[in-house]
Amino acid sequence: MRQVVNFVMEEMMSEDGQFYGVYDIEQQKLVATDRKAAALPILSELAGYMNYNAGPDLNYKFVSNQVVDKIANSIIADDIVRVGDTLYYAPYGVSEDGVMDLKLSDFAISVSLFGLMTEYSQDGRRLEEEYGCAMLLEGVANSLKLILEGQEQNATRLPSTELRVVFSGDGESYELQPSDTFDINNSYFSIGLMSYQGFYNTIDQFAYYKNGFNESVDHVFIRLKNVKDAAYTPNQVRAIREVEAHYAEMTNAYQICDILYESWLDVYNFLKVQTSDTIYANAYNVHTGESVEATTEIRYDSFEWTTPFVKRFGTPATSLNYFLLAGVFNDEAMGLESGHLALVNLDLHIALFSPFSAINPDTYADNGFNIWGYDSLRYAISNNMPITVETYPLFGGTGYNMNRENWRVFAMRKMNQFMSEGVERLTPDDPFPTFYDHVPAVTIVN
206 MRQVVNFVME EMMSEDGQFY GVYDIEQQKL VATDRKAAAL PILSELAGYM NYNAGPDLNY
266 KFVSNQVVDK IANSIIADDI VRVGDTLYYA PYGVSEDGVM DLKLSDFAIS VSLFGLMTEY
326 SQDGRRLEEE YGCAMLLEGV ANSLKLILEG QEQNATRLPS TELRVVFSGD GESYELQPSD
386 TFDINNSYFS IGLMSYQGFY NTIDQFAYYK NGFNESVDHV FIRLKNVKDA AYTPNQVRAI
446 REVEAHYAEM TNAYQICDIL YESWLDVYNF LKVQTSDTIY ANAYNVHTGE SVEATTEIRY
506 DSFEWTTPFV KRFGTPATSL NYFLLAGVFN DEAMGLESGH LALVNLDLHI ALFSPFSAIN
566 PDTYADNGFN IWGYDSLRYA ISNNMPITVE TYPLFGGTGY NMNRENWRVF AMRKMNQFMS
626 EGVERLTPDD PFPTFYDHVP AVTIVN
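Quick note: the sequence shown uses this note's numbering, first residue 206, plus one each step.
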């Protein structure tokens, strides 16, 4: 694993912390070096190797703070964009005609990523932007909202693998254009589903509560009670922005978890109404709900008889992701059924490939049994799988109040709460400082 991590950092990461290229195993070299890869999923994974536990009293630090900070700063500088008055995570940018493309795999959210964000929240000096942690989480949360909105636009309420967003000239409205296919063999599911049960113990570590910042919020706004006509001093603006940023970090973390849960719940509900002929398919059409068979190219005669199975159920990783989904929703019957399918799929794979060398993963891919990537199979023998613990929507447990108002509404409400008599109360249309005022909006011509 360390060799993979080192290769990615040394060969695929540019000086500015972005990632380019595809490694061709057959040619054993980097190709398509002009092709940009989304940095957030890579950061999400690398964050797990900052303190890697390999056994009792055996810890490795494969990735330094300097490396992950460089990537995080690069994401904030290059991939967090302002469209109108809203921040978005746009790993491929926003074109001049207002097009922003998103992929589900751009949102592989791990416990380690949230853990890293809490570190930044408590020590902002590691980021070049003063409110960089809040900006990053704000952008990710808003883009995830678009993913969910596009999903709910589909007749099946299944999430499309890709989503195109076309913004209006002012950036305040948009059109969503989801792609046609849902495929659960995606890091959006495998990383997120496997991590979900660990989110509980991580996202309450943001500075708003952890450092006792929440206890000083009222005092901040008491000192602003006589401000009229938005005539804030620079110090007052800074105090408002700090409250907004810390509140936004925490609430956006909850929002991200909640959006993921809602998105997966739609998939689970879709599966619940499927028959034995259609459930756990390789993929589905998001408009009609029809199964989409896997495309296979079987190169060895001994594998020919597996073709119908592979087309119907896809890879072992596909089956296991359905198992993880059943675990998140505490469905014992579906867990037993999907777990059995995952074991059969994996056992079939192991039995057939035992005579072959595992050095080249293309050996697997060429015969329709590609299990490499997406990480779900590395948890196949874990005792921490979602099926073994109780899970629930995080807003259902601790965040009802956080779902009522965003950071701007919260700050304005606090201003109004302590205003002196005779000072006109703020309204949503009044000018008010935000923690990303300094970020220019993209120019859209359409």
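Heads up, the beta-carbon is just placed ideally off N, CA and C, and yes, glycines get one too.
When C-alpha distances from G403 are compared across M539, E537 and C462, the shortest belongs to C462. By the 16-neighbour rule on beta-carbons within 10 angstroms, A435 is exposed. Short of 6 Å from the beta carbon of T483, and not among the five residues preceding or following it, lie these beta carbons of its own chain, in chain order: S496.
Straight-line measurement puts the Cα of I427 at about 14 Å from the Cα of N419. Put simply, the backbone Cα of L398 is about 12 Å away from that of E467.
Per the DSSP secondary-structure output, Y228 pairs in a beta bridge with L235. For P383, the enclosing beta strand (DSSP E) starts and ends at Y379 to P383.
The straight-line gap separating the alpha-carbon atoms of F558 and V370 is approximately 42 Å.
CA-to-CA, the gap between F528 and T361 works out to about 20 Å. The DSSP assignment places no complete run of the beta strand (DSSP E) inside the stretch 393-471 (cut-off: 3 residues).
Per DSSP, L631 lies in no alpha helix (DSSP H) segment and is marked neither H nor E. The beta carbons of F637 and M617 sit closer together than 7 Å. The beta carbon of V478 lies closer than 7 Å to none in the same chain, with the five residues before and after it left out.
Take the alpha-carbon of S400 and the one of V316: they are about 6 Å apart. Its chain contains A243, D284 and D311 as the residues whose beta carbon lies nearer than 6 Å to that of P296, once the 5 sequence neighbours on both sides are disregarded; these appear in chain order.
Apart from the 5 residues on each side of it in sequence, G222 sits with its Cβ closer than 6 Å to the Cβ of K275, I276 and S279 in its chain, given in chain order.
DSSP places R517 within a helical segment (H, G or I) once states are collapsed to three. Pairing A237 with F224, the inter-Cα distance amounts to about 12 Å. In this structure, the beta-carbon distance from L318 to A412 does not fall below 7 Å. Here E334 is buried, its C-beta having at least 16 other C-beta atoms within 10 Å. Within its own chain, the residues whose Cβ lies closer than 7 Å to the Cβ of N526, once the five positions on either side in sequence are excluded, are I389, N390, F394, S395, L398 and S581, listed in chain order. Nearest in C-alpha terms to L631, of all of L342, L429 and L351, is L429. Going by C-alpha positions, V515 is about 10 Å away from A486. DSSP places A339 in no beta strand (DSSP E) but in the uninterrupted alpha helix (DSSP H) bounded by G337 to Q358. Within the same chain, Cβ atoms closer than 6 Å to the Cβ of A531 are found at M539, G540 and S543, the five residues on either side in sequence being excluded.
For A242, DSSP records a beta bridge to F224. Non-local C-beta neighbours of Q327 in its own chain, meaning closer than 7 Å and more than five positions away in sequence, comprise A412, K415 and N416, ordered along the chain. Across the set Q410, L245 and P560, the C-alpha of L245 shows the shortest separation from the C-alpha of A282. Assigned with DSSP and collapsed to three states, E495 falls in coil, not helix or strand.
Between the alpha carbons of V273 and Y294 lies a distance of about 18 Å.
Within 10 angstroms of the beta-carbon of E447 lie 16 or more other beta-carbons, which makes it buried.
N490 is bridged by DSSP to T386.
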